[in-house]
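Remarks on the structure that follows.
Right, dumping it as structure tokens:
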């Protein structure tokens, strides 16, 4: 989640109280007082200095001071353009005026012109090498562009010149924090607080360092103190909200974000952070509304575009998600997370090649980005390139040995290759790292199921639904395991639960239909297949299954219609050809039956059941030798095929009886 950036304390020379308004006309004496008295309001300073600047014949030193002080007042009011113009005039009149260069640098920094800001800070330091304030401000400029080592060097010099100033300690701490050196950051925040015990900014900074170290409770204590010292401190409220979020206390986090936003309604960071909580809670529309507001207040806020993209993706609106990721990348072409997330959206759309391109780009920018390797592995796996997928998962795990998701996904790739032992080891490791990882239990259960170990499979599905009670796929697959064990009632209960969780779950309707069919409850089976087809009209399997049930009911004509539709959807569907062949055989249309069995075998020459069924048709036609040949082939492919073994025995017995009968008849006819 994006948290509030480190607060860079930028100071200017004069400290002016809030404006209270001035008289329309002022005397020369008032003008001088307003311009040079540090107790004047900003508006008074501007009025007094403007009057002095308008006079002819004023000493140059007075003009320099007037332009400079008016620039300070404009800068205090947020009018950086006018402030810069006045600092320009002060520098023109006094080219060695280090203070004016320093303050103009601050103004350029406020405008976002970091390079010109740095140039001015450089010049201020050249003019006065011991100018601690300019060194601190140049450090801020370096830090704001991510050059933390040069920033720290400037803060070091500023501290050596004025070791009793808390500000450079605070700012050096921020630089260490952004480098990931949290302990060094905390030591500097400690020192800033020792120097200035009421320094709310330092408490907020130290709290963020503790939070990023994972010590959320100490972080919250620091944020509490910052807020006690400064009750309207929106930044600290935002930071405390982030710490509560990291602890999983979403309601308290939202209360803090709410308060930060009440204090500062245009606070884009707090809006973004509150949006991320809503997203985590599945309240995607509320999240999107917060991201919309964050972007309205900060149109170049790449994080908010990225996060809004995540919410759109979670809603299944991949195209809008991709548009948001596009914008995040346009704002920040080096934004690794946005490339990875856009890759995820393309992956979910099934556009694996485009997904891989985005993961490639993320890896080019950040070669140690384990998440991108994992994502690219998923794309290769779904493209059927298991070996390249495993290589990417390997790399993700090398980069992050505690990456449970990568272990889980590599386990899936090994399982798809039929290497269940290696798959099991990966699922085991994923569960060791993350003991409540429902997906890893689900994956390991699938591997046990594929190995025929239904008891272990069911135990793992049990764990999966304990940790994720809304895991519809786990209920569905546990139903399969119960069904294969012959426990139809428990299977039906699981399929029904999967459907309650996910009412449009076509696969669960199909599986429940199969279970009803096996119980002989054909009408309920047909209703489930009807629903599966309504949800997914392009499911060849659903049409094929419904055809089987019609066939079992003896309605061969409707069965054939469904098999025809299954074949239209999937012309290479060997199973549908085989079942249509069986229906034709039941109708006595042996030629069309044989033709369909032939097609099934041409598509899959190792299809033992098709050989068996063709053998039955040959047997029914009295062609026992062809029947026996087909049963032999079925048994050759599948040596433990009991049905084919029994059918062959019956065909041999029938053929031999017919041969014996023929011989008896012929003998009796002999003269």
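Numbering (the numbering used here), first residue to last: 7 to 677.
Think of the CB as a built atom: it goes at the ideal place given N, C-alpha and C, for glycine as much as any other residue.
Exercise. Taking the alpha-carbon positions, what's the residue 360 to residue 379 distance?
Worked result: Each residue's Cα considered, the two are about 15 Å apart.
Problem set entry | Length-filtered (4 minimum) alpha helix (DSSP H) runs lying within the stretch 208-295 | 222-235, 240-252, 256-269 and 274-286
Problem set entry | Chain-order list of residues whose beta-carbon lies under 7 Å from that of residue 551 (same chain, five-residue window excluded) | Only 516, 519, 520 and 535 meet the Cβ criterion.
Exercise. Closest by CA to residue 221, which one among 253, 196 and 195?
Worked result: 253
Problem set entry | Simplified DSSP assignment, three categories, for residue 343 | In this structure, residue 343 counts as helix in the three-state DSSP scheme.
Exercise. Which residues in the same chain have their Cβ closer than 8 Å to the Cβ of residue 660, if we skip the five residues on either side of it in sequence?
Worked result: 625 and 630
Problem set entry | Bridge partners - residue 44, DSSP secondary structure assignment | Answer by DSSP bridge pairing: none, since residue 44 is not bridged.
Problem set entry | residue 470 versus residue 283: straight-line alpha-carbon distance, rounded | Between the alpha carbons of residue 470 and residue 283 lies a distance of about 25 Å.
Problem set entry | Burial state of residue 51 (16 or more Cβ within 10 Å) | buried
Exercise. Between the stretch 521-531 and the stretch 505-513, do three or more beta carbon pairs fall short of 8 Å?
Worked result: no
Exercise. What is the residue span of the alpha helix (DSSP H) that residue 593 lies within?
Worked result: Careful: residue 593 lies outside any alpha helix (DSSP H) and carries neither H nor E.
Exercise. Do residue 159 and residue 108 have their C-beta atoms closer together than 8 Å?
Worked result: no
Problem set entry | Cα-Cα separation between residue 663 and residue 612, rounded to whole angstroms | 31 Å
For this session: Entirely within the stretch 423-495 and at least 4 residues each: give me those alpha helix (DSSP H) ranges in chain order.
Result: 426-439, 444-456, 460-473 and 478-490
Exercise. Which of the three DSSP states, helix, strand or coil, is assigned to residue 141?
Worked result: helix
Problem set entry | Those runs of the beta strand (DSSP E) which lie wholly inside the stretch 302-343 and span at least 3 residues | Scanning the stretch 302-343 from its first residue to its last, no whole beta strand (DSSP E) run of 3-plus residues comes out.
Problem set entry | Three-state secondary structure (DSSP) of residue 542 | coil
For this session: Taking all protein chains shown into account, decide if residue 277 is buried (16 or more other Cβ within 10 angstroms of its Cβ) or exposed.
Result: Label assigned to residue 277: buried.
Problem set entry | Member of 364, 205 and 251 whose CA lies at the smallest distance from the CA of residue 226 | 251
Exercise. Would residue 346 be called buried (16 or more neighbouring beta carbons within 10 Å of its own) or exposed?
Worked result: By the 10 Å Cβ count, residue 346 comes out buried.
Exercise. For residue 650 versus residue 606, is the C-beta distance shorter than 8 Å?
Worked result: no
For this session: Could you check what DSSP says for residue 666 in three-state terms: helix, strand or coil?
Result: DSSP places residue 666 in helix when its eight states are reduced to three.
For this session: Within 10 angstroms of the Cβ of residue 555, are there 16 or more other Cβ atoms? Answer buried if so, exposed if not.
Result: buried
Exercise. Given 8 Å as the limit, is there contact between the stretch 470-487 and the stretch 432-439, that is, 3 or more CB pairs closer than that?
Worked result: no
Problem set entry | Through-space distance from residue 402 to residue 288, alpha-carbon basis | 28 Å
Problem set entry | Three-state class that DSSP yields for residue 100 in the structure shown | coil
Exercise. Which value, in whole angstroms, describes the spacing of the CA atoms of residue 185 and residue 369?
Worked result: 21 Å
Problem set entry | Distance CB(residue 248)-CB(residue 204) smaller than 8 Å | no
Exercise. By a C-beta neighbour count over all protein chains shown, 10 Å radius and 16 as the cutoff for buried, is residue 571 buried or exposed?
Worked result: buried
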